[in-house]
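*Asks:* For the sequence shown, position 125 matches number 188 in our numbering, and the numbering has no gaps at all. Okay, handing you the structure first.
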Amino acid sequence: MNNLLQMFKNRPLGTILCDSTASAQELAFMLGGEWDDCNGIVLNKNDVIAVGQAAALINANWCYVGDSMAIFDRLTEAKLCDRYRMGERYFINANLRCSNLAGLSLKGVNLNNALLNLANLAYTDLSDGDLTAADATDSILIGANLERANLARINLTGANLEGANLQGSRLYKACLQGACLKDANLNGANLSFADLRGANLDNVSWDQENLMGTMLTNDQLS
64 MNNLLQMFKN RPLGTILCDS TASAQELAFM LGGEWDDCNG IVLNKNDVIA
114 VGQAAALINA NWCYVGDSMA IFDRLTEAKL CDRYRMGERY FINANLRCSN
164 LAGLSLKGVN LNNALLNLAN LAYTDLSDGD LTAADATDSI LIGANLERAN
214 LARINLTGAN LEGANLQGSR LYKACLQGAC LKDANLNGAN LSFADLRGAN
264 LDNVSWDQEN LMGTMLTNDQ LS
């Protein structure tokens, strides 16, 4: 334990990430750090014990920027909806595994690096949202509205996107191996360097010119 604390104490000053914008703002005030108007805090000094104690007082979860993985406590559907209704849009690193968010309106939400694997997002409005590098493996996105969403580097392996609206979305380097895109609208979507190997592309609507570097099997192109 002493070695672990020493490792943290020796870390250079940097930014920590919190599980909500409100938590970050409150922790920044408590720690004398600089809040970035999102869920990050620039620390003036590196004191992992002080950060941990302050976070415990307000029941917040946090991690250092650059940590290999930040797994926060699961964010319930009710808390997500309440915070969204109050105007919050930043849910970066949120743990929403197995959540039932079907049919919700989450337009413009930021779920950057969120855990969404096995989540039910059928007919959910995520238009203009940011799901960069989110893990949405085996999720249900049937009929979901992802128009103009930033889905760069998202993992949608095995996801069901049948009939989803992905018009104008950014799927740069996204992984859609084995995903179902039957009847999906991908017109105007940027699929550069996306991995679509093994995906169901039956009756998909897309612009062939936006497939630069896209990984497809020969039978998918026939």
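Positions of the beta carbon are idealized from the N, C-alpha and C atoms, including for glycine.
Just how far apart, CA to CA, sit Pro179 and Leu189?
*Replies:* To locate residue 179, count along the sequence shown from 1; it is residue 116. To locate residue 189, count along the sequence shown from 1; it is residue 126. The question names Pro, but residue 179 is Leu in the sequence shown. Looking at the backbone, the Cα of Leu179 and that of Leu189 are separated by about 13 Å.
*Asks:* With a threshold of 7 Å on Cβ separation, who are the neighbours of Leu164 within its own chain once the five nearest residues in sequence on each side are excluded?
*Replies:* As a position in the sequence shown, residue 164 is number 101, starting the count at 1. Excluding positions up to five away in sequence, the list reads Glu140, Ala182, Asn183, Leu184, Thr187.
*Asks:* With a 10 Å radius around its C-beta and 16 neighbouring C-beta atoms as the bar for buried, classify Gln116 as buried or exposed.
*Replies:* The count along the sequence shown starts at 1 and reaches residue 116 at position 53. That one is exposed.
*Asks:* Does DSSP classify Met275 as helix, strand or coil?
*Replies:* Residue 275 sits at position 212 when you count from the first residue of the sequence shown. In this structure, Met275 counts as coil in the three-state DSSP scheme.
*Asks:* CB-CB under 7 Å to Arg260, same chain, minus the five flanking residues each way: which ones, in chain order?
*Replies:* Looking up residue 260 in the sequence shown gives position 197. The answer, listed in chain order, is Gln240, Met278, Leu279, Thr280.
*Asks:* Under 9 Å, do Arg211 and Gly231 count as touching if we go by C-beta distance?
*Replies:* Counting from 1 along the sequence shown, the entry for residue 211 is found at position 148. Counting from 1 along the sequence shown, the entry for residue 231 is found at position 168. Contact: yes.
*Asks:* What first and last residue would you give for the alpha helix (DSSP H) that runs through Tyr147?
*Replies:* Counting from one through the sequence shown, the residue named residue 147 turns up at place 84. From DSSP, the alpha helix (DSSP H) with Tyr147 extends over 140-148.
*Asks:* So the beta strand (DSSP E) Ile79 belongs to, where does it begin and stop?
*Replies:* Stepping through the sequence shown from its first residue, residue 79 is reached at position 16. Start and end: 78-81.
*Asks:* Using a Cβ-Cβ cutoff of less than 8 Å, which residues in the same chain neighbour Ala157 once the five nearest sequence positions on both sides are dropped?
*Replies:* In the sequence shown, residue 157 corresponds to position 94, counting from 1. Answer for Ala157: Asp82, Phe135, Leu138, Leu143, Leu174, Ala177, Leu178, listed in chain order.
*Asks:* With a CB to CB cut of under 7 Å and the five nearest residues on each side skipped, what residues in its chain are close to Ile254?
*Replies:* By 1-based counting over the sequence shown, the position of residue 254 is 191. For the record, residue 254 in the displayed sequence is Leu; it is not Ile. These residues qualify, in order along the chain: Leu234, Asn273, Leu274, Thr277.
*Asks:* Going straight from the alpha carbon of Ala119 to that of Cys243, what length do you get?
*Replies:* Counting from one through the sequence shown, the residue named residue 119 turns up at place 56. Counting from one through the sequence shown, the residue named residue 243 turns up at place 180. Going by the C-alpha atoms only, they are around 42 Å apart.
*Asks:* May I have the straight-line CA-CA distance separating Asp246 from Asp270, to the nearest angstrom?
*Replies:* The residue you call residue 246 lines up with position 183 of the sequence shown. The residue you call residue 270 lines up with position 207 of the sequence shown. One Cα belongs to Asp246, the other to Asp270, and the distance between them is close to 14 Å.
*Asks:* In this structure, does DSSP put Gly103 in helix, strand or coil?
*Replies:* To locate residue 103, count along the sequence shown from 1; it is residue 40. In the structure shown, Gly103 sits in a strand (DSSP, three-state: E or B).
*Asks:* Measuring straight from C-alpha to C-alpha, what distance separates Asp110 and Ala207?
*Replies:* Locating residue 110 in the sequence shown gives position 47, where the first residue counts as 1. Locating residue 207 in the sequence shown gives position 144, where the first residue counts as 1. For Asp110 and Ala207, the distance between alpha carbons rounds to 43 Å.
*Asks:* Could you give the first and the last residue of the continuous alpha helix (DSSP H) run that contains Leu120?
*Replies:* Here residue 120 is taken as the residue at index 57 of the sequence shown, counted from 1. 111-120 is the extent of the alpha helix (DSSP H) around Leu120.
*Asks:* So the beta strand (DSSP E) Cys243 belongs to, where does it begin and stop?
*Replies:* Here the question's residue 243 lines up with position 180 in the sequence shown. Note, Cys243: premise wrong, no beta strand (DSSP E); not H, not E.
*Asks:* With respect to the beta strand (DSSP E) encompassing Cys126, which residues constitute its N-terminal and C-terminal limits?
*Replies:* Along the sequence shown, read from residue 1 onward, the residue named residue 126 stands at position 63. Unbroken beta strand (DSSP E) run through Cys126: 125-127.
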